[in-house]
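*Asks:*
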Amino acid sequence: MTVFLNGRYLPLEQAKVSPLDRGFVFGDGIYEVIPSYQGVLFLLDAHLERLRRSLSEIRLPDPMGESGWRGMLEHLLELNPGGDRGIYLQITRGVAPRDHAFPAATEATVFAMVTPIKPQRPETTAQGVGAILLPDERWGRCDIKAITLLANVLARQTAVEQGAIEAILLRDGRLTEGAASNVFVVHGDVVRTPPLDRGILPGITRRFVLDLLEGHSRPVFEEAILESDLRTADEIWLTSSTKEILAVTRLDGQPVGVGRPGPVWRETLDGYQRAKNDALGARVSENGYG
Ligand code: PDD
Numbered sequence: 075m076t077v078f079l080n081g082r083y084l085p086l087e088q089a090k091v092s093p094l095d096r097g098f099v100f101g102d103g104i105y106e107v108i109p110s111y112q113g114v115l116f117l118l119d120a121h122l123e124r125l126r127r128s129l130s131e132i133r134l135p136d137p138m139g140e141s142g143w144r145g146m147l148e149h150l151l152e153l154n155p156g157g158d159r160g161i162y163l164q165i166t167r168g169v170a171p172r173d174h175a176f177p178a179a180t181e182a183t184v185f186a187m188v189t190p191i192k193p194q195r196p197e198t199t200a201q202g203v204g205a206i207l208l209p210d211e212r213w214g215r216c217d218i219k220a221i222t223l224l225a226n227v228l229a230r231q232t233a234v235e236q237g238a239i240e241a242i243l244l245r246d247g248r249l250t251e252g253a254a255s256n257v258f259v260v261h262g263d264v265v266r267t268p269p270l271d272r273g274i275l276p277g278i279t280r281r282f283v284l285d286l287l288e289g290h291s292r293p294v295f296e297e298a299i300l301e302s303d304l305r306t307a308d309e310i311w312l313t314s315s316t317k318e319i320l321a322v323t324r325l326d327g328q329p330v331g332v333g334r335p336g337p338v339w340r341e342t343l344d345g346y347q348r349a350k351n352d353a354l355g356a357r358v359s360e361n362g363y364g
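Residue numbers (my numbering): 75 to 364.
1. Can you give me the start and stop residues for the beta strand (DSSP E) that E288 sits inside?
2. Just checking, does the segment 277–291 make contact with the segment 256–267 on the three C-beta pairs under 8 Å criterion?
3. I'd like the list of long-range same chain contacts for M72, defined as Cβ closer than 7 Å, with 5 residues on each side in sequence excluded.
4. How about T183: is its Cβ closer than 7 Å to a heavy atom in ligand 1?
5. Label P109 either buried or exposed according to how many other C-beta atoms from any shown protein chain fall within 10 Å of its C-beta, with 16 as the threshold for buried.
6. How is G204 classed by DSSP in three states: helix, strand or coil?
7. Quick one: does the C-beta of E252 sit closer than 7 Å to a heavy atom of ligand 1?
8. Given a cut-off of 8 Å, decide if I161 and I218 are closer than it, judged by their beta-carbon atoms.
9. Which same chain residues end up closer than 8 Å to R272 when comparing Cβ atoms and leaving out the 5 residues on each side of it in sequence?
10. I need the straight-line Cα distance from G168 to A178, nearest angstrom please.
11. On a CA-only basis, which of W339, E309 and T250 is nearest L287? Give me that one, please.
12. Measure the C-alpha to C-alpha separation of Y83 and R124 and round it to an integer number of angstroms.
13. With a cut-off of 8 Å on the beta carbons, I'd call D158 and Y105 a contact; round off their distance for me.
14. Bridge partners for D119 per DSSP, in chain order?
15. Can you name, in chain order, every residue of its own chain whose Cβ lies under 8 Å from the Cβ of R245, other than the five neighbours on each side?
16. Taking I206 as the reference, which of Q231, A220 and L224 has the closest Cα?
17. Thinking C-beta only, is G262 closer than 8 Å to W308?
18. Please classify A182 as buried or exposed, where buried requires at least 16 neighbouring CB atoms within 10 angstroms.
19. Would you tell me roughly how many angstroms separate the C-alpha atoms of Y346 and T199, rounded to the nearest one?
20. Would you mind working out which of L118, R324, F98 and V322 sits nearest L354, comparing C-alpha positions?
21. Given the structure, does V264 come close to ligand 1, in the sense that its CB is under 7 Å from one of the ligand's heavy atoms?
22. Kindly list the residues whose CB is nearer than 7 Å to the CB of D326, restricted to its own chain and excluding five residues on each side of it in sequence; keep chain order.
23. Check for me: the alpha helix (DSSP H) holding F100 runs from which residue to which?
24. If you check the beta carbons only, do R336 and T313 fall under 8 Å apart?
25. For Q236, collect the residues of the same chain with a Cβ closer than 7 Å to its Cβ; drop the 5 residues on either side in sequence, then sort them by chain order.
26. Classify K317 as buried or exposed, calling it buried when 16 or more other Cβ atoms lie within 10 Å of its own Cβ.
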């Protein structure tokens, strides 16, 4: 695998970062996960916009700029051909003697690698997945896509140990999001997801799904969701760049609705795949692949 590190494309084994990197020492950095299908980065503009916002919120000057990011990401995909893949991109505040306050003049560390996106197994899509509810013990700025993910790691691990694939988090009795996904709930034909604030990540897939639902004239609301709403939901969905839209059919071991992926999920996922293929189709022909 060829990765990108600080301006160079090199084999993963040769990519080395100092132990004094502030990402290693403090978790002082941000990241993105950008999916690509048939060699085309999907919703790249939205990912780059969120990347710039994360950088600006942690007061780290953008080290590459718009065309720098695009060129690097596309070149990295060319160097790692084959299949549907995601790019993991991480930027830290660089290498400096350990001191919490920002170093005076240090270059950011920029790392990117290509990771395979495993298509959901047909059984997973057909049966849905299990999730558990846990208290949201993360910091107060989950709108920043920070690499500092210890609370998310612990929550996901608890979920896995209980045979579930995701932890759905509650703060003060209200749904925030999953440990690595946004969450939607369906009652009847009404779809709801929590509004954006500092407590959740503004998911790119979340936005894409909201636009899709609005385009289908489906009743959809961004509003507070209580634990009781989750427990009585007909459907619960997880969304992320790697999961797309995944139906949760067991919550804390109990069936969600009838315990199978529901009709609103099916319709939305079909619409998502069509919209995705349209968006990619346009780009694939522009690139001369089509
Ligand atoms: N995670 N919320 C959290 C806490 C996340 O970590 C993610 C994605 C999302 C969904 O965002 P998006 O639709 O932009 O992927 C929501 C990525 C995939 C990860 O950490 O691997």
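Virtual Cβ for every residue (Gly too), placed ideally from N, Cα, C.
These figures come from a predicted structure and were not determined experimentally.
*Replies:* Walking through what the data contain:
1. Careful: E288 lies outside any beta strand (DSSP E), inside the alpha helix (DSSP H) at I278 to G289.
2. yes
3. Because the chain in this structure spans residues 75 to 364, residue 72 falls outside the shown range and cannot be described.
4. Ligand 1 has no heavy atom closer than 7 Å to the beta-carbon of T183.
5. buried
6. strand
7. Contrary to the premise, residue 252 reads as Gly rather than Glu in this sequence. The answer is yes for G252.
8. no
9. Cβ neighbours of R272 within its own chain (closer than 8 Å, five residues either side excluded): G214, R215, C216 and D217.
10. 11 Å
11. W339
12. 24 Å
13. That belief does not hold up - the Cβ atoms of D158 and Y105 are roughly 20 Å apart, past 8 Å.
14. Answer is none; D119 lacks a bridge partner.
15. P209, D210 and G273
16. Q231
17. One detail in the question is off: residue 308 reads as Asp in this sequence, not Trp. Contact flag set, yes.
18. buried
19. About 14 Å.
20. Per the C-alpha coordinates, the member of L118, R324, F98 and V322 positioned closest to L354 is L118.
21. no
22. Excluding the 5 residues flanking it on each side, D326 has same chain C-beta neighbours closer than 7 Å at I206 and L207, in chain order.
23. F100: member of the alpha helix (DSSP H) spanning R96 to F100, first to last residue.
24. It is worth fixing the name first, because residue 336 is Gly in this sequence and not Arg. No, the Cβ-Cβ distance between G336 and T313 is not below 8 Å.
25. I206
26. buried
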